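In the UniProt record's numbering, the protein residues as written are 1 to 629.
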Amino acid sequence: MSDGASTVRLTVGQALVRFLAAQWSERDGVEQRFFAGCFGIFGHGNVAGVGQALAQAAHADPDELPYYQSRNEQAMVHAAVGFARMRDRLQTFACTTSIGPGATNLVTGAALATINRIPVLLLPGDIFATRVANPVLQELEDPRSYDVSVNDTLRPVSRYWDRINRPEQLVPAALAAMRVLTDPAETGAVTLALPQDVQAESHDWPVEFFARRVWHVARPVPEPAVLDRAVELIRSARRPLLVAGGGVIYSGATQSLADFAAATGVPVAETQAGKGSLTWDHPAAVGAIGATGTTAANELAAQADVVIGVGTRYSDFTTASRSVFANPDVRFVNVNVASFDAAKHAGLAVVADAKAALTALGERLSGWQVDTDYRGRTAELAGNWQRVVDGAYAATAPTNLAQTAVLDAVNEAAGERGVVINAAGSMPGELHKLFRARDPKQYHVEYGYSCMGYEIAAGLGVRMAAPDREVIVLVGDGSYLMLAQEIVTAVQENVKLTIVLVQNHGYASIGSLSESVGSERFATSYRYRNPKTGALDGDVLPVDLAANAASLGADVIRAGSLEELRSALAKAREATRTTLVHVETDPLTGAPDSQAWWDVPVAEVSTLEATQRARAEYDKNKPSQRHYL
């Protein structure tokens with residue numbers, strides 16, 4: 001201490017760790033520590049600064065900001081995102097890395113966090129602020145300026161970015177970082193780049209900087225005049241449709257949505273992030289919408305005269321590349337905490353919290369309902385789709401298992417509260433259409449960035465956030481090969497996961513897309529190169545991913561039939577250690593068609609007949625795309 005009790009002398013690293021440990025969030029009167037801990041990998045850029053501070057803090061109180069060892073910097077961000085999403089963005093992790101490749105490995109995770117509007121704090125080490133040792137190991141030398149480092153690659157994928165070149169800069173930067181992290185409309189990745197010399201530099205800090213600080217997460221209410229217009233527009237609708245996005249779940253608005261739908265009869269379709277907003281068998285639920293949607297939701301979307309978007313950012317998959325809302329007179333009422341999203345499609349922007357807005361709309365619409373015929377049509381379409389799901393779940397394949405049958409077994413194994421995690425490949429689309437969610441937190445598919453390698457790392461974060469839930473990670477062989485090493489962290493921390501590794505020897509999703517655009521599944525299978533033709537169409541590669549998982553510390557069960565898969569999932573559920581279930585599927589057996597379009601441009605000229613046919617189909621669909629004005 002110095003200056004009596006008004007200041008305390010600490011390094012920048014020590015001050016930052018103490019500050020983070022004192023940050024709390026609060027919503028609806030419930031408080032929680034905002035940072036559940038810090039993931040990290042140490043190198044010369046952070047070991048003597050943030051690393052030393054974490055070690056010192058662990059001696060003082062290991063529970064204030066616990067440290068967790070990671071194996072890959074991108075994976076630690078995915079784990080933080082999985083945790084924060086499970087906790088409705090009210091808690092997250094910090095992630096510390098060295099300079100150089102440790103820092104640039106953060107970029108993919110940061111982009112994923114920001115695109116999905118999930119808070120995570122990134123603390124990459126940086127080059128010397130004094131420049132006395134330049135060029136330091138791993139420094140990118142830019143002849144245009146000495147003020148550029150690899151951390152500048154994090155600027156466009158961060159919602160707030162700062163470099164702490166002097167100790168006293170930490171105070172305003174840390175407060176600004178917390179403002180963004182706890183703001184539902186602004187949140188995403190936040191980066192504080194920390195020069196390695198500054199991290200170890202001492203400074204006299206005001207003790208108030210380390211006081212317990214509670215950040216209130218508000219529920220903005222709709223502006224009365226806008227609410228009036230929204231109610232008027234909805235009352236005028238003959239065929240309204242509500243599109244539930246991730247904001248419904250993050251807001252804790254699922255019961256409000258269920259009440260609104262039951263009272264009004266407005267059918268509810270769900271985005272990827274919004275799936276689980278209603279239980280799958282709710283009378284108003286019509287399932288997934290868009291390019292990976294159900295025929296029920298998409299038929300209603302095609303006829304809808306008013307679309308009520310709640311907590312959605314209207315991605316191209318949700319709108320089927322702006323073709324699914326086909327009514328020429330369709331109008332939008334968009335409820336979102338972010339004005340950027342609320343204003344999309346020239347909609348009536350209701351800038352408000354999802355729960356607050358649904359409650360207000362429900363009160364103002366009291367007594368109003370859709371026509372009985374429309375309610376009946378909703379039930380008919382939903383029922384027809386559920387029969388399609390039954391058929392897909394019972395599907396067989398010429399070789400191995402149909403992937404849809406695997407998803408049925410996983411859906412059953414998840415029970416009432418188990419969490420299913422996926423991110424990339426063919427499974428997100430099939431899960432969106434087919435998975436029968438019973439709980440708002442049961443469906444965890446990352447489809448904003450659709451990042452291969454997210455699954456296992458996110459599973460770690462999800463289980464840390466919800467240790468009382470079964471966590472089932474669905475991962476294809478392509479994603480597994482991208483980023484599987486956090487199995488080691490799960491084993492080390494005794495965080496039990498069930499990992500279902502779906503092996504189809506290649507990129508099944510891209511193979512299907514390649515075929516649809518006339519590229520003939522070129523280079524989408526894992527095969528030896530044919531010495532005669534030079535093509536990758538030889539025998540299957542002798543890669544044993546189950547053995548790889550065992551080498552990382554997981555228990556492994558191989559399932560060759562549907563009965564064996566169900567038995568393996570039951571054993572994995574009862575296990576106390578991370579268990580991987582290996583199952584082979586047929587990559588050519590697909591899921592039911594959504595009857596919707598996705599705009600992936602096809603070569604306008606080609607010598608391949610397959611491409612020519614695909615272009616003709618593309619030209620037929622392109623006119624259905626429109627601006628909503």
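Where a beta carbon is used, it is the ideal one built from N, C-alpha and C, also for glycine. Note that the coordinates shown come from a computational prediction; the quantities given were computed from them, not determined experimentally.
So, is residue i buried or exposed, given that buried needs 16 or more other C-beta atoms within 10 angstroms?
i: V337; result: buried
i: D341; result: buried
i: residue 632; result: Because residue 632 is not part of the residues shown, which for the chain are 1 to 629, the question remains open.
i: Q595; result: exposed
i: Q255; result: exposed
i: G49; result: buried
i: E380; result: exposed
i: V198; result: buried
i: T611; result: buried
i: L431; result: buried
i: E168; result: exposed
i: A457; result: buried
i: E270; result: buried
i: S519; result: buried
i: R331; result: buried
i: S339; result: exposed
i: D329; result: exposed
i: R469; result: buried
i: V132; result: exposed
i: P623; result: exposed
i: N400; result: buried
Cα separation between residue i and residue j?
i: Q91; j: V217; result: 11 Å
i: G100; j: Q52; result: 19 Å
i: L501; j: A559; result: 10 Å
i: E31; j: S25; result: 6 Å
i: L541; j: P531; result: 15 Å
i: A356; j: G367; result: 19 Å
i: Y528; j: F522; result: 14 Å
i: E609; j: V517; result: 11 Å
i: P184; j: S561; result: 45 Å
i: A285; j: R377; result: 12 Å
i: F260; j: P240; result: 13 Å
i: A173; j: R163; result: 9 Å
i: G290; j: W597; result: 8 Å
i: L54; j: T130; result: 24 Å
i: D408; j: F19; result: 46 Å
i: E617; j: P601; result: 11 Å
i: A80; j: F93; result: 5 Å
i: L175; j: A22; result: 12 Å
i: G45; j: A75; result: 19 Å
i: A575; j: V420; result: 17 Å
i: Y314; j: K344; result: 8 Å
Kindly indicate which residue of the options has the alpha-carbon position closest to the one of residue i.
i: R87; options: A466, A523, A554; result: A466
i: L481; options: Y526, A354, A575; result: Y526
i: W215; options: E564, R89, R238, A397; result: R89
i: G415; options: G252, A402, D439; result: D439
i: A36; options: M464, R229, L460; result: M464
i: A301; options: R313, D281, R322, G311; result: R322
i: L386; options: L434, A424, D371; result: Looking at the sequence provided, one finds Gln at residue 386 rather than Leu. Among L434, A424, D371, the Cα nearest to that of Q386 is on L434.
i: R212; options: D316, G276, R33, A269; result: R33
i: T319; options: K620, Y628, G478, C95; result: Y628
i: A60; options: T96, V17, S202; result: V17
i: R117; options: V581, R85, V471; result: R85
i: T585; options: G476, S145, A394, V445; result: G476
i: L121; options: D353, W161, T294; result: W161
i: E455; options: H78, E412, A354; result: H78
i: Y449; options: G13, E64, I115; result: I115
i: A614; options: V556, E515, L361; result: E515
i: A111; options: A382, E64, Y447, K344; result: Y447
i: L194; options: R179, R159, V150, D544; result: V150
Q. So does the segment 69-88 actually touch the segment 479-489, counting three or more Cβ pairs closer than 8 Å?
A. Yes, since at least three Cβ pairs between the segment 69-88 and the segment 479-489 fall closer than 8 Å, the two stretches touch.
Q: Could you tell me whether the segment 138-145 touches the segment 199-211, where touching means 3 or more Cβ pairs closer than 8 Å?
A: Inter-segment contact for the segment 138-145 and the segment 199-211 is absent: fewer than three beta-carbon pairs are separated by less than 8 Å.
Q) Which residue spans inside the segment 277-316 form an unbroken alpha helix (DSSP H) run of at least 4? A) Scanning the segment 277-316 from its first residue to its last, the whole alpha helix (DSSP H) runs of 4-plus residues come out as 295-303.
Q: Report yes or no: do the segment 292-300 and the segment 231-238 share at least 3 C-beta pairs separated by less than 8 Å?
A: No, the segment 292-300 does not touch the segment 231-238.
Q. Is the segment 498-512 in contact with the segment 542-556, if contact means three or more CB pairs nearer than 8 Å?
A. Short answer: they touch.
Q) Of all the beta strand (DSSP E) runs that stay within the bounds of the segment 340-426, which reach a length of 3 or more residues? A) Within the segment 340-426, the complete beta strand (DSSP E) segments at least 3 residues long are 348-351, 419-422, listed from N- to C-terminus.
**Q.** Inside the segment 82-154 only - alpha helix (DSSP H) runs reaching at least 4 residues
**A.** With a minimum length of 4 residues, the unbroken runs of alpha helix (DSSP H) contained wholly in the segment 82-154 fall at 101-104, 106-115.
Q. Where are the beta strand (DSSP E) runs, 3 residues long or more, that stay fully inside the segment 150-206, in chain order?
A. Whole beta strand (DSSP E) segments, 3+ residues: 160-163, 189-195, 202-206.
Q: Mind listing, in chain order, the continuous alpha helix (DSSP H) runs of no fewer than 4 residues lying wholly within the segment 542-602?
A: Runs of the alpha helix (DSSP H) inside the segment 542-602: 545-551, 562-574.
Q. Which runs of the beta strand (DSSP E) fall wholly inside the segment 451-499 and span at least 3 residues, in chain order?
A. List check, beta strand (DSSP E) in window: 471-476.
**Q.** beta strand (DSSP E) runs contained entirely in the segment 214-256, provided each spans 3 or more residues
**A.** Qualifying beta strand (DSSP E) stretches, in chain order: 240-244.
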